[in-house]
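Residue numbers for the sequence shown follow our numbering, beginning at -2 and rising by one.
Ideal placement from N, C-alpha and C gives every residue a C-beta, glycine not left out.
In what follows, a single structure is set out as structure tokens and then discussed.
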Amino acid sequence: MGARKRYVLAGTGGRGLGMFAAPLLKDFTEFCELAALFDANPDRLKAANGLLGTNLPVYTDYAQMLKEIEPDAAIVTTRDSTHAEFICRTLDAGKRAISEKPLCVDGRQCRQILAAAKRNRRKPRARCFVTHNMRYGPAIQELKRLIASGAIGQLKWVQFQENLDRRHGADYFRRWHRVKANSGGLLIHKASHHFDVLNYLIDSIPETLLARGGLTFYGKHGPFRHKRCEGCPHAGQCEFHVELFKNERTRKLYKEAERADGYIRDGCVFDREIDIEDQASVLYDYKNGVRVTYSLHAFGSYEGWIIQFEGADGRLELHEVHDTSWLSTNASQHGLGGPTGKHLYHWSKSKGFRELPIPEAQGSHGGADPQIRHDFFGRPFDAKPTPQMAPLEEAVQAVLIGHAANVSLARSGKLVRVQDFLKKG
Ligand SMILES: NC(=O)c1ccc[n+]([C@@H]2O[C@H](COP(=O)([O-])OP(=O)(O)OC[C@H]3O[C@@H](n4cnc5c(N)ncnc54)[C@H](O)[C@@H]3O)[C@@H](O)[C@H]2O)c1
């Protein structure tokens, strides 16, 4: 068996091309060959080859691609609700499936993927991993090290507060994410990062949970609305107006793709079709006794998180304010001029208070993306998975918490048992 393995990319959108296809072609040629592209939209496939400067075989039929290309692995970066289908088909073909987070959008899909993994367990390549990149953030790695080394004694209580701002946070209300059937809502699409990291740091499985939340700012709550920003009569007075394509070449490629499937990226954030929450709070506890308070909102004056860990012998707090100017929109100036940065604080019963250094890392998502690419693609295919490479069973747990929260808030905050959703519901 040669060291170089053949990969196919399913989903040639922003993440698929930027996070995987382009780096595979440029930086990971020792162990990887990008062999083909798959997407539902033929124009987007054409645009993908144009943007990558390649002439890769393209497919709109997944089975045909697997049959003709015979890849070793598929990277799944389609819309969240479609991951389950492509993961199952990849496992059934005996190939490795590497999916973007979230693994899928609900408990039923978790069960489908687990069943596919089980029926293919004797095929050596048929394994599923999820690229949970937040685990790789340098501050998260530092927290993992500190908690595991007993820096705060036995962990008791965690509070995670996620603020999405009116530039990046608003973007989830412009595209497919805004429909729950596509994304599972932010408690799956976004919070799967956070629930996975909490599972990873707390090192246990979630048990009981209750949640409240709703749509309180976007959607029907807007003062006016139009189908999209392009040509909008309210542009002059709207805090959320965007001009997405500043580069004429990119605009042309995306406009061609848009004609094929009607997928627009500048949908009105006040559209009445929006059915996801823009604010939610979740209370849950772990089998090892740790209790969690989690909250999220998507109309913040700044973007970042505050994560607090209280243990029997001390406390850790991570404060991060993120720069969202990478999102090339001219939307909302609200709060965007504030300070950005990260701070890690430690209160210790024996050593008192200190601010701790956070290792520096370069690259997108706080330096997490290059690290995760290295683990998956910068090593031989059969190298031992690192502890950060989330296997299927761990990725399932992140989705289950979001799913349980969606069920609970649909039942006005009823207490639910998270692991029950592995069996039904
Ligand atoms: N880990 C991270 O930090 C991170 C960041 C961004 C996106 N993501 C994830 O990456 C994935 C892609 O996100 P994106 O922002 O690139 O979205 P996108 O809308 O830009 O791209 C999605 C692509 O999937 C294709 N597609 C949709 N449904 C399909 C189907 N049924 N069959 C085949 N192709 C289909 C679309 O045509 C599009 O080209 C999502 O799962 C998202 O949650 C992860």
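Margin query: ligand 3 and N130: does any heavy atom of the ligand fall closer than 7 Å to the residue's C-beta?
Written below: Looking for ligand 3 in the displayed structure turns up nothing; the ligands present are ligand 1.
Next item on the list: Following the continuous beta strand (DSSP E) through L14, name the residue where it begins and the one where it ends.
Entry: Looking at the DSSP string, L14 is not in any beta strand (DSSP E), and its letter there is neither H nor E.
Item checked: Beta-ladder partner(s) of T128, from DSSP -> E97
Note to self: For a quick check, are the C-beta atoms of E300 and D263 less than 8 Å apart?
What the structure shows: no
Notebook entry, point to check: So L293 packs on E159, CB below 8 Å; how close in whole Å?
Noted result: 4 Å
Next item on the list: Over the uninterrupted alpha helix (DSSP H) stretch that includes L63, give me the two end residues.
Entry: Y59 to I66
Notebook entry, point to check: In the structure shown, what three-state DSSP assignment does L48 receive?
Noted result: helix
Check: In whole angstroms, what separates the C-alpha of R108 from that of G335?
Finding: 44 Å
Item checked: Rounded distance between the beta-carbons of R209 and G422, thought under 8 Å -> Wrong, their Cβ atoms sit about 19 Å apart, outside the cutoff.
Note to self: Judging by CA-CA distance, which residue of D36, H371 and K346 is the nearest neighbour of K23?
What the structure shows: H371
Note to self: Along the chain, where does the beta strand (DSSP E) containing H343 start, and where does it finish?
What the structure shows: G338 to S345
Next item on the list: Would you check if the region 95 to 112 and the region 387 to 405 touch, i.e. whether three or more CB-CB distances between them fall below 8 Å?
Entry: yes
Check: Would a C-beta distance cut-off of 8 Å place Y4 and I72 closer than the cut-off?
Finding: yes
Note to self: As a quick exercise: from Y291, V279 and L353, pick the residue whose alpha carbon is nearest that of R312.
What the structure shows: L353
Check: Is G210 helix, strand or coil when you go by DSSP?
Finding: strand
Margin query: Spatial neighbours of V176 within its chain, please: C-beta separation below 8 Å, excluding the five flanking residues on both sides.
Written below: E270, I271, D272 and I273
Notebook entry, point to check: Which full runs of the beta strand (DSSP E) of 3+ residues lie inside the region 208 to 280, going along the chain?
Noted result: none
Margin query: Rounding to the nearest angstrom, what Cα-Cα distance links F378 and H362 in this structure?
Written below: 24 Å
Checklist line | CA-to-CA distance, K346 to Q106, given in whole angstroms | finding: 45 Å
Next item on the list: Would you give the residue range spanned by the beta strand (DSSP E) that K2 belongs to?
Entry: K2 to A7
Next item on the list: Report yes if the C-beta of H400 is less than 7 Å from at least one heavy atom of ligand 1; otherwise report no.
Entry: no
Next item on the list: For T290, write down the residues that DSSP places opposite it in a beta bridge.
Entry: Q156 and L280
Note to self: Per DSSP, what are the beta-bridge partners of Q305 in this structure?
What the structure shows: Q156 and E314
Note to self: Nearer than 7 Å: is that true of the beta carbon of W302 relative to any heavy atom of ligand 1?
What the structure shows: no
Notebook entry, point to check: How many angstroms separate the CA atom of M131 from the CA atom of R248?
Noted result: 30 Å
Item checked: Distance between F373 and C85 (C-alpha atoms, nearest Å) -> 20 Å
Note to self: Looking only at its chain, what residues have a beta carbon closer than 7 Å to the beta carbon of A19, apart from the 5 residues adjacent to it on each side?
What the structure shows: L49
Next item on the list: Going by DSSP, name the residue or residues bridged to F350.
Entry: W344
Next item on the list: Measure the Cβ-Cβ separation of E204 and K284 and say whether it is below 8 Å.
Entry: yes
Notebook entry, point to check: Does the region 411 to 420 touch the region 30 to 42, meaning 3 or more C-beta pairs lie closer than 8 Å?
Noted result: no
Item checked: Distance between P220 and H129 (C-alpha atoms, nearest Å) -> 37 Å
Check: For the alpha helix (DSSP H) that E357 lies in, which residues bound it at each end?
Finding: Note, E357: premise wrong, no alpha helix (DSSP H); not H, not E.
Notebook entry, point to check: Going by DSSP, which residues form a beta bridge with A71?
Noted result: V5 and A94
Next item on the list: State the DSSP-derived secondary structure class of E204, mapped to helix, strand or coil.
Entry: strand
Check: Within 10 angstroms of its Cβ, does P99 collect 16 or more other Cβ (buried), or is it exposed?
Finding: buried
Item checked: Top-ranked residue by Cα proximity to V279, from L206, A90, G308 and R222 -> L206
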